[in-house]
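Residue numbers (this note's numbering), protein chains in the order written: chain A, 1 to 294; chain B, 1001 to 1394.
One structure is given here, and the rest of the page talks about it.
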């Protein structure tokens, strides 16, 4: 088992005729993901890498029996695309788009509140269950099927961490990039229960960064509910206050959200802290070798 | 995007939040005329007093001499002459300060009590939140640190917006009754209208003053807009004052590069914000000090790498550069080619340590090795690369 995506995942690509949408459709197909349809209003009837294009989500879902969607639609129109996906009641929505206004995301979160829908992102690399299914933009080949789950707020830093794990002989169960924005569809705390319950996952690597309270919330949840070993790296110890470090969400504002604060709380929750971003793979390997998963 | 006080107050006035009468001025002559106009509007005779307030994107102006009491048009002119064209250094600006190109000349209010009122995003609850405190006029961060209980938080539901209940609670925090509570409620509702209609990320009134005559007045105003939503607010986007931004950060942002200047001597060129922060961290961990945060973005092509190097090297303190690229979709051999062309084009003299990882990494490293550039050092591991660049920068 793994979480959220697997062999049975049937994906629609929203914004499939755009440059990024088309490119990653091909990459996902190469990885073995079942990309069953695409949506671009006005381009219905076309095909992208052999994938049929529809005018609307409703049409696409009816024709393909899809159960997930990945959104590449530009920021201006992304919120409408996501609302259409919610309307179509797809259980998994992955939003790659960067730059969606905060107020749009707040409205989307409200719409999701009562729905059995999981939204990952926005401004994220997506998620992958190695060897089974990739719904995202990460390079597939660095992953290996295995037992370590990765949850992260970053993109390339996650790839680096996954690469380190693979090099250390540790495969991954599912890797999820939750995104770098201030308002996310799913935070660490929403995903940790899935990983704790997942039989395949034996350890969890958490990659956080400055800003917000995702790591602090995760620490509290881990302390109370997670029995599997958790490892954490938090980026941004060097970051000055009030400066946005690339991601809209990575900002130390009002004196809150520093790396030091997050690390203290994670450590107090029994999480093993990785100090160097170059030591993620070796630290997990050394610890798991010493004390195999409970 | 940050707004100036005078711009924020223009928005306040447009939604009915009471602000002191004031006029913005860009020259001493304008300041003198502004004083006369404000005095006239206030019906003030001999006893009228005003302020000259430096307009910069930072707080702490009062203590730094950026808010000056004036009692005549001549004084308004002289005092603004002392501020305009200078850089004002406050607790929040850093030692280089920020340039003053405008002053706000306004009426000096007779304040009875100073309160704090703000509307912003509560990331934890994914809701907007009203913040209210009796500790107005002070550094609210300090209040939050020392006595967090002095700040009351009222979350807002998007469907209902600011409710009677929200307003009643805020008035209770402030200890306001009757007409003053009504006036306060009107201000909170107006702030919410502004928050929604402008895609604000912060609206702050500090202080919100109760006057001796009983009125409520937004004596200061701070508004920050959501950068991601500026596409639907062209008229507000035009208010951007680039003189308030760090020149290199501004240059970088124009070409899609995220750059933040730090105070060390090791330049960093990285793809991805998280990896860029982690690169800064590992330099520090290895005993060095990064000169910048830099995320070159998704398309690390020759053009973009050249641009990134020009920005990094514009900082004269940079003694060595660490390039840390994880090639995912972007192949390492393309990145290596880009690096070679960019550094040749710019004739880069400082040592460059390159750590490539990911797709086609062997081809990429081979390209760098075959180029035989003395100052271009290819290192496999991130930890080794960090150590090496720290040595070279000593």
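Idealized CB from N, CA, C, for every residue including glycine.
- Contact of residue 1080 of chain B with chain A is not assigned, every C-beta pair being separated by 9 Å or more.
- Taken in chain order, the whole alpha helix (DSSP H) runs of length 4 or more contained in the stretch 125 to 208 of chain A are 156 to 167, 188 to 197.
- Residues 1021, 1048, 1107 of the same chain have their beta carbon placed closer than 7 Å to that of residue 1042 of chain B, with the five preceding and five following residues left out of the count.
- In terms of beta-carbon proximity, residue 93 of chain A stays away from the interface with chain B, with every pair separated by 9 Å or more.
- For the 9 Å CB-CB criterion, residue 16 of chain A and residue 36 of chain A do not form a contact.
- In its chain, beyond the 5 residues on either side, 1116, 1143, 1147, 1150, 1151 have a beta carbon closer than 8 Å to the beta carbon of residue 1135 of chain B.
- Residue 1364 of chain B and residue 1391 of chain B have their C-alpha atoms some 24 Å from each other.
- In this model, residue 1387 of chain B and residue 21 of chain A are separated by some 39 Å (Cα to Cα).
- Exposed is the label assigned to residue 1145 of chain B, since fewer than 16 other Cβ atoms lie within 10 Å of its Cβ.
- Each of A:267, A:159, A:235 was checked against the Cα of residue 175 of chain A, and the nearest Cα belongs to A:159.
- With respect to the 9 Å criterion, residue 86 of chain A and residue 93 of chain A are classified as neighbours on the basis of their beta carbons.
- Straight across, the Cα-Cα distance linking residue 1320 of chain B with residue 1092 of chain B is about 30 Å.
- The alpha-carbon separation between residue 1348 of chain B and residue 1377 of chain B amounts to approximately 13 Å.
- Residue environment: residue 177 of chain A is assigned as buried (16 or more neighbouring CB atoms within 10 Å of its CB, all protein chains considered).
- Restricting attention to B:1040, B:1172, B:1109, the CA atom closest to the CA of residue 1214 of chain B is found in B:1109.
- Leaving aside the five residues that flank residue 149 of chain A on each side, the residues in its chain whose CB is nearer than 6 Å to its CB run, in chain order, 173, 174, 195, 201, 204.
- Using a CB distance cut-off of 9 Å, residue 143 of chain A does not count as an interface residue toward chain B.
- Per the coordinates, the alpha-carbon of residue 1218 of chain B lies some 40 Å from the alpha-carbon of residue 154 of chain A.
- Contact between the stretch 1186 to 1204 of chain B and the stretch 55 to 66 of chain A is absent: fewer than 3 CB-CB pairs across the two stretches fall below 8 Å.
- Here the alpha carbons of residue 162 of chain A and residue 277 of chain A stand approximately 12 Å from one another.
- With fewer than 16 other Cβ atoms inside 10 Å of its own Cβ, residue 145 of chain A counts as exposed.
- Runs of beta strand (DSSP E) with 3 or more residues, each lying fully within the stretch 1058 to 1122 of chain B, are found at 1067 to 1070, 1103 to 1107, 1111 to 1122, listed in chain order.
- The beta carbon of residue 210 of chain A falls within 9 Å of a beta carbon belonging to chain B, placing the residue at that interface.
- Here residue 1079 of chain B is buried: its Cβ has 16 or more other Cβ atoms, across all protein chains shown, within 10 Å.
- Straight-line spacing of the CA atoms in residue 1023 of chain B and residue 1242 of chain B works out to 22 Å.
- The C-alpha of residue 271 of chain A lies about 20 Å from the C-alpha of residue 1281 of chain B.
- Put simply, the CB of residue 57 of chain A is far from chain B, with every gap to its CB atoms at 9 Å or more.
- Residue burial annotation: residue 1160 of chain B is exposed, with fewer than 16 other C-beta atoms found within 10 angstroms of its C-beta.
- Residue 247 of chain A is classed as buried because its beta carbon has at least 16 other beta carbons within 10 Å across all chains shown.
- Residues of the same chain with a CB within less than 7 Å of the CB of residue 221 of chain A, apart from the 5 flanking positions on each side, are 189, 192 in chain order.
- The continuous alpha helix (DSSP H) containing residue 1028 of chain B extends over residues 1028 to 1041.
- Burial state of residue 262 of chain A is buried, judged by a 10 Å Cβ sphere holding 16 or more other Cβ atoms.
- Look at the beta carbons and you see the stretch 70 to 77 of chain A not touching the stretch 1195 to 1205 of chain B: under three pairs across the two are nearer than 8 Å.
- Fully contained in the stretch 1295 to 1340 of chain B are the following beta strand (DSSP E) runs of length 3 or more, in chain order: 1320 to 1327.
- About 5 Å separates the CB atoms of residue 1015 of chain B and residue 1194 of chain B; that is less than 8 Å, so the two are in contact.
- Residues of chain A with a Cβ closer than 7 Å to the Cβ of residue 1002 of chain B do not exist; the shortest Cβ-Cβ separation is about 10 Å.
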